[in-house]
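4 protein chains.
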Amino acid sequence: MDDQKKLTRAEQKARRPVQILDAAFEEFVERGYVATRVEDIASRVGVTKGTIYVYFETKEQLFEAMIRHISAPFEDLLSSVNELKGTATERLQKQIEQIYDLIINDRKLRELMRFVIAEGSRFPQIVDRHHDAFIYPLEQQMASLIEDGVKCGEFRAAPAAFADVVIAPAIAFLVFKLTFEDRRILDRDTYLKAHVDLILHGLCEPAFASGCL
Amino acid sequence: MDDQKKLTRAEQKARRPVQILDAAFEEFVERGYVATRVEDIASRVGVTKGTIYVYFETKEQLFEAMIRHISAPFEDLLSSVNELKGTATERLQKQIEQIYDLIINDRKLRELMRFVIAEGSRFPQIVDRHHDAFIYPLEQQMASLIEDGVKCGEFRAAPAAFADVVIAPAIAFLVFKLTFEDRRILDRDTYLKAHVDLILHGLCEPAFASGCL
Amino acid sequence: MDDQKKLTRAEQKARRPVQILDAAFEEFVERGYVATRVEDIASRVGVTKGTIYVYFETKEQLFEAMIRHISAPFEDLLSSVNELKGTATERLQKQIEQIYDLIINDRKLRELMRFVIAEGSRFPQIVDRHHDAFIYPLEQQMASLIEDGVKCGEFRAAPAAFADVVIAPAIAFLVFKLTFEDRRILDRDTYLKAHVDLILHGLCEPAFASGCL
Amino acid sequence: MDDQKKLTRAEQKARRPVQILDAAFEEFVERGYVATRVEDIASRVGVTKGTIYVYFETKEQLFEAMIRHISAPFEDLLSSVNELKGTATERLQKQIEQIYDLIINDRKLRELMRFVIAEGSRFPQIVDRHHDAFIYPLEQQMASLIEDGVKCGEFRAAPAAFADVVIAPAIAFLVFKLTFEDRRILDRDTYLKAHVDLILHGLCEPAFASGCL
DNA sequence: CATGAATGAGAGTTCATTCAT
DNA sequence: TATGAATGAACTCTCATTCAT
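What follows is the structure, encoded as structure tokens:
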């Protein structure tokens with residue numbers, strides 16, 4: 007409580023943009039770009055409409071800034087995966103698990119996907135951004151992981167498109183969670199297990215089949 | 007010929023609701039529910055604002071009717087699958103192909119998915135509808151197909167969630183197409199081949215592996 | 007009273023634009039372009055804000071249309087002067103009188119001048135329009151009248167700029183009336199008499215001086 | 007040198023009000039009272055919004071102060087005319103010339119006229135001020151000059167309103183310059199010569215006509 | 001059935017003004 | 001003295017909806 011009081015003007019000011027962006031995220035998620043009122047974002051922050059315009063020129067720019075704000079963390083998030091150890095199989099399994107954890111835990115990532123789908127035609131940049139910063143790296147990592155497995159003889163030779171198909175169930179999981187949220191229950195563990203099971207069987211050298219699984 | 011004219015006019019009127027629903031689909035796709043103006047739908051049909059309200063009480067009801075209108079075909083569409091012949095493997099492969107064809111050819115199905123994601127919180131019924139009429143039947147069919155394969159020894163025993171994971175790449179494909187449309191090229195054949203390849207390897211009894219593929 | 011009732015929708019609609027333009031004139035005169043609220047114009051007509059936008063796309067276009075509306079009458083008004091009869095002196099005198107009558111009686115002409123001065127930098131077209139439709143014709147008529155007088159020996163040879171200077175007191179009178187309105191009284195007859203007196207003395211051939219005045 | 011700096015800084019502050027008034031003049035000229043933003047005035051001075059309010063209570067008072075600021079010089083400017091020497095004719099000619107020089111050289115005088123016309127109904131005081139400080143003295147001087155000329159037999163007896171009419175072309179010139187600025191070229195010398203020519207012919211005793219011109 | 005003029009409740013945005021620093 | 005974050009009232013413009021014709 008004293009905490010709040012202690013905030014000097016300067017501190018307040020430094021926090022405002024982030025406060026607004028966070029509030030904007032919540033409101034835009036709830037109602038979509040067009041139906042969200044700048045005033046609602048403002049009241050969520052506890053300021054008035056005008057204050058929003060001190061920090062952002064238009065509702066449009068606020069939306070774009072919000073997207074950038076919530077996208078930023080993913081960029082370095084995906085780069086950490088390279089450090090995995092173990093056999094290709096183990097690493098593949100591990101990475102899939104991490105992706106599911108990300109999808110389950112990171113509401114922002116999920117909602118970003120909704121924005122991309124719902125507002126993509128209004129904000130084409132976010133579609134490209136999302137592809138370049140999220141989808142493409144995922145594909146690349148998966149592709150190189152599979153390649154490793156093929157090289158060391160754990161996986162059978164696979165067409166390039168395999169990487170896409172291998173991560174696809176996770177994408178579908180994300181979309182399901184986004185769409186049905188609480189309405190239909192999707193159990194992470196069950197789904198994840200089925201996913202891993204399928205792709206490992208699907209990838210392993212038949213000769214290894216009994217051994218590697 | 008006057009007869010014809012009059013008939014045509016009468017037919018015109020009988021077609022009005024459908025014309026409006028089709029126009030509504032196009033406009034709602036282009037701009038989303040909130041940003042679409044009733045007037046734009048009207049001019050697409052070639053009538054004026056007021057006419058829309060002769061047929062639909064509110065914009066909201068028009069939207070819902072439009073969703074019902076474009077959803078209708080899918081209902082009987084999926085029931086045709088049962089008639090497939092051949093081994094479980096062949097039927098599985100065939101069905102997957104059909105799903106991709108559907109996704110590629112049916113823009114309405116794709117955009118329905120976008121509506122579900124984008125407007126789901128505004129129109130919760132459409133989410134349920136979509137699940138019951140599209141997602142659930144798909145899962146059921148796939149599940150029973152897999153079960154058949156297991157029974158006849160073609161597929162290894164699989165957990166229930168397998169059905170979801172098996173169709174997931176197709177869902178992801180749909181979402182990709184929806185999201186990136188022309189921006190990123192996804193080749194149906196390449197992706198489909200990888201998908202089928204993966205799941206057949208993933209499903210087949212190892213013993214059958216060499217034989218069934 | 008019945009008159010009002012009898013107005014059909016169609017008639018109403020035909021009158022609306024003019025009603026709005028007239029109301030706009032009054033409001034813009036009273037407060038200037040920027041300070042005038044579209045809503046005030048609407049209430050003056052007895053309709054609501056939205057109605058204005060049925061007829062005019064923006065406040066700016068409404069203003070421009072209003073200027074065109076009040077300028078239109080002047081265009082043919084000035085062309086009637088050519089029909090004057092009598093000696094050059096008589097015709098000059100007559101025309102000057104007509105100009106003063108115009109200035110005195112036509113509030114719209116006066117206020118147009120104010121718009122040109124006050125809003126000229128915001129609406130450059132109206133400045134040009136005003137010059138071409140009002141100032142220039144006035145100069146031309148005066149110039150040809152003087153030329154006539156010179157040719158028939160009534161007036162002494164005069165430089166071209168004379169026409170401007172000869173009408174200038176009327177312009178100044180207009181500006182005075184515009185500026186001081188009721189605050190300072192300017193008597194038309196006294197001022198007009200002095201004006202005519204001055205220019206006739208100033209123009210007449212000295213030889214004619216006693217005769218022509 | 008530190009002294010100097012400090013002095014300069016102190017001087018800076020002393021100059022602030024004048025700097026602000028000068029900046030206000032430019033901005034108000036450019037956009038008119040209502041459309042001018044206090045912030046624009048501030049940035050022209052190189053300070054921020056708040057600073058303006060240190061020196062002026064409201065935008066309205068700032069405007070009025072600005073008007074007073076630019077009007078001040080005219081007050082003593084017109085009193086200098088009495089010192090003219092020569093015949094009435096020479097002095098009249100001289101004074102007319104001075105008025106044109108004033109109009110040509112003094113942008114502030116010209117724009118003051120625009121403020122009077124454009125903002126007169128919002129700021130009635132400036133209309134009165136302008137009349138009392140500028141128009142009325144001009145008329146008075148001209149009237150007494152004419153009276154002198156009449157007394158000494160150079161000018162013919164003239165009605166009182168003559169003074170107004172005699173200066174009117176200069177007023178019209180001012181308004182023209184204000185209105186058309188660069189758009190239409192008005193040559194000072196040509197116009198002035200025509201003006202003087204007209205009024206001298208118009209004022210001189212016919213008997214003197216050949217002699218005095 | 002079809003029209004389109006009219007409504008009126010907002011929505012985004014602006015800006016004079018205040019006040020803690 | 002100077003700042004600039006914050007306010008809140010006002011303004012332009014939009015659009016779903018109504019209803020007389």
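So the protein sequences, as listed, match chains A, B, C and D. At position 120 of the first sequence the residue is numbered 126 (our numbering), and the sequence of numbers has no breaks. At position 70 of the second sequence the residue is numbered 76 (our numbering), and the sequence of numbers has no breaks. At position 94 of the third sequence the residue is numbered 100 (our numbering), and the sequence of numbers has no breaks. At position 117 of the fourth sequence the residue is numbered 123 (our numbering), and the sequence of numbers has no breaks. Where a beta carbon is used, it is the ideal one built from N, C-alpha and C, also for glycine.
Compare the C-alpha of D:Val35 against each of D:Val51, D:Glu103, D:Thr64, D:Ile73 and name the closest. The candidate whose alpha carbon is nearest that of D:Val35 is D:Ile73.
Proximity test, Cβ basis, 9 angstroms: D:Ala139 and chain C: Interface residue (Cβ-Cβ distance to chain C less than 9 angstroms): D:Ala139 is not classified as such.
Rounded to whole angstroms, how far is the Cβ of B:Lys199 from the Cβ of B:Leu192, which I believe are closer than 8 angstroms? The distance from the Cβ of B:Lys199 to that of B:Leu192 is about 13 angstroms, inconsistent with a contact at the 8 angstroms cut-off.
Tell me whether the beta-carbon of D:Val122 lies closer than 9 angstroms to the beta-carbon of C:Pro175. If you check the CB distance, D:Val122 and C:Pro175 do not come in under 9 angstroms.
Counting along the chain, where does the alpha helix (DSSP H) carrying D:Lys100 start and finish? Here the alpha helix (DSSP H) through D:Lys100 covers 94-111.
With 16 as the cutoff for other CB atoms within 10 Å, does A:Val202 come out buried or exposed? Buried.
Whose CA, out of D:Ala167, D:Arg190, D:Gly38, D:His137, lies closest to the CA of C:Glu125? Considering only alpha carbons, the answer is D:Gly38.
Helix, strand or coil: how does DSSP classify B:Ile123 here? Assigned with DSSP and collapsed to three states, B:Ile123 falls in helix.
Cβ of B:Asp170 less than 9 angstroms from any chain A Cβ? Using a CB distance cut-off of 9 angstroms, B:Asp170 counts as an interface residue toward chain A.
Looking at B:Leu224: is its Cβ nearer than 9 angstroms to the Cβ of B:Thr93? Lying before the first or after the last residue shown, residue 224 of chain B is absent from chain B, which here runs from 7 to 219.
Using a Cβ-Cβ cut-off of less than 9 angstroms, give me the residues of the region 153-166 of chain B that come near chain A, in sequence order. Flagged, chain order: Arg162, Ala164, Pro165, Ala166.
Quick check: is the beta carbon of C:Pro23 nearer than 9 angstroms to any beta carbon in chain D? Judged by the 9 angstroms Cβ criterion, C:Pro23 is not in contact with chain D.
Check whether the Cβ of A:Ser127 lies closer than 9 angstroms to any Cβ atom in chain B. Cβ-Cβ to chain B under 9 angstroms: yes for A:Ser127.
Going by Cα to Cα distance, which pick from A:Gln99, A:Ile26, A:Ile109, A:Lys55 is closest to A:Phe69? With distances taken between Cα atoms, A:Phe69 lies closest to A:Ile26.
Nearest-angstrom Cα distance between A:Ala149 and A:Ala166? Spanning the alpha carbons of A:Ala149 and A:Ala166 requires a straight line of approximately 7 angstroms.
Extent of the continuous alpha helix (DSSP H) to which D:Val44 belongs: For D:Val44, the enclosing alpha helix (DSSP H) starts and ends at 44-51.
Whose C-beta lies closer than 7 angstroms to the C-beta of A:Arg22 among residues of the same chain, with five residues either side of it excluded? If we look at A:Arg22 and ignore the five residues flanking it on each side, its Cβ neighbours are Tyr61.
9 angstroms is my cut-off, CB to CB: does D:Pro130 come that close to chain C? Interface with chain C (9 angstroms Cβ-Cβ cutoff): D:Pro130 is included.
Could you give the distance in angstroms between the alpha-carbon of B:Ala30 and the alpha-carbon of B:Ile47? Taking the straight line joining both Cα atoms gives about 5 angstroms.
Can you give me the C-alpha to C-alpha distance between B:Val40 and A:Thr64, rounded to a whole angstrom? In a straight line, the C-alpha of B:Val40 is about 19 angstroms away from that of A:Thr64.
Leaving aside the five residues before and after A:Gln10 along the sequence, list all residues of the same chain whose C-beta is less than 8 angstroms from its C-beta, in chain order. Below a pLDDT of 50, predicted positions are generally treated as unreliable, and A:Gln10, at 42, falls in that range; no measurement from the model is reported.
Boundaries (first-last residue) of the alpha helix (DSSP H) holding C:Asp188: No alpha helix (DSSP H) contains C:Asp188, which DSSP labels as neither H nor E.
Roughly how many whole angstroms lie between the Cα atoms of B:Arg116 and B:His75? Cα to Cα, B:Arg116 sits roughly 14 angstroms from B:His75.
Helix, strand or coil at C:Ala16 according to DSSP, with G and I counted as helix: It is helical.
Expressed to the nearest angstrom, what Euclidean distance is found between the alpha-carbon atoms of C:Glu89 and C:Leu144? Using only the alpha carbons, I get a separation of about 15 angstroms.
Residues that A:Tyr197 contacts on chain B, provided the C-beta gap is smaller than 8 angstroms: By Cβ distance, chain B contributes Ala167, Asp170, Val171.
Please classify A:Ser216 as buried or exposed, where buried requires at least 16 neighbouring CB atoms within 10 angstroms. In this predicted model, A:Ser216 has a pLDDT of only 44, less than 50, meaning its place in the structure is not dependable enough to derive any value.
Could you check whether C:Ser77 and C:Ala139 sit closer than 9 angstroms to each other, using their CB atoms as the reference points? Yes.
Does any C-beta atom of chain B lie closer than 9 angstroms to the C-beta of A:Asp112? Not an interface residue.
Is C:Leu151 close to chain D? Criterion is C-beta to C-beta, closer than 9 angstroms. Not closer than 9 angstroms to any Cβ of chain D, the Cβ of C:Leu151 fails to qualify, so no.
Straight-line Cα distance separating A:Arg189 from B:Leu151: Between B:Leu151 and A:Arg189, the C-alpha separation is close to 26 angstroms.
Check for me: the alpha helix (DSSP H) holding C:His136 runs from which residue to which? Start and end: 130-136.
Does any residue of chain C bring its CB to less than 9 angstroms from the CB of D:Lys12? Note that D:Lys12 scores 48 on pLDDT, short of 50, meaning its location in the model is unreliable; the coordinates nonetheless yield the value given after this. Cβ-Cβ to chain C under 9 angstroms: no for D:Lys12.
Among C:Phe129, C:Met119, C:Gln101, C:Arg120, which has the Cα closest to the Cα of C:Gln146? Considering only alpha carbons, the answer is C:Gln101.
Closest Cβ-Cβ distance between A:Thr185 and chain B: below 9 angstroms? Taking 9 angstroms as the CB threshold, A:Thr185 lines the interface with chain B.
Given that A:Val133 touches chain B, what residues does it touch there, using C-beta distances under 7 angstroms? In chain order: Thr185, Phe186, Arg189.
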